[in-house]
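Chemist: What follows is a single structure, and I will ask about it in a moment.
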Amino acid sequence: MGQVTIYLEESIEHKMVSAAESAHLSKSKWIAKLIQEKLANEWPQSVVEMAGTWEDFPDIEEIRTQQGQDAERENL
542 MGQVTIYLEE SIEHKMVSAA ESAHLSKSKW IAKLIQEKLA NEWPQSVVEM
592 AGTWEDFPDI EEIRTQQGQD AERENL
């Protein structure tokens, strides 16, 4: 297992300590969990479960009809 040293401003450290305590995790485990979440290649399960739950959400064609026309590109 690797070991990393980080330096935080005092105000950030206080916020991090509060967040770790709220999650009932050590500072090290809280930071490791945060890194795992940032590096994940999948949507969180809570987001996956929400897929398709908005019955009145417009489809892609309806969204595109509300877009304006693209401007002509300048030649380089």
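In terms of my numbering, the sequence shown opens at residue 542 and continues consecutively. Even glycine gets a Cβ: it sits at the ideal position worked out from N, Cα and C.
Quick one, which of T594, K579, E583 and K570 has its alpha-carbon nearest N542's?
Modeler: The sequence shown places Met at residue 542, rather than the Asn named in the question. The candidate whose alpha carbon is nearest that of M542 is K570.
Chemist: Could you give the DSSP three-state label for V589: helix, strand or coil?
Modeler: Under the three-state reduction of DSSP output, V589 falls in the helix class.
Chemist: Can you give me the C-alpha to C-alpha distance between E596 and W584, rounded to a whole angstrom?
Modeler: 21 Å
Chemist: Given this structure, state the Cα-to-Cα distance separating Y548 from M557, to the nearest angstrom.
Modeler: Taking the straight line from one Cα to the other gives about 12 Å.
Chemist: Where does the unbroken alpha helix (DSSP H) through I604 begin, and where does it stop?
Modeler: I601 to T606
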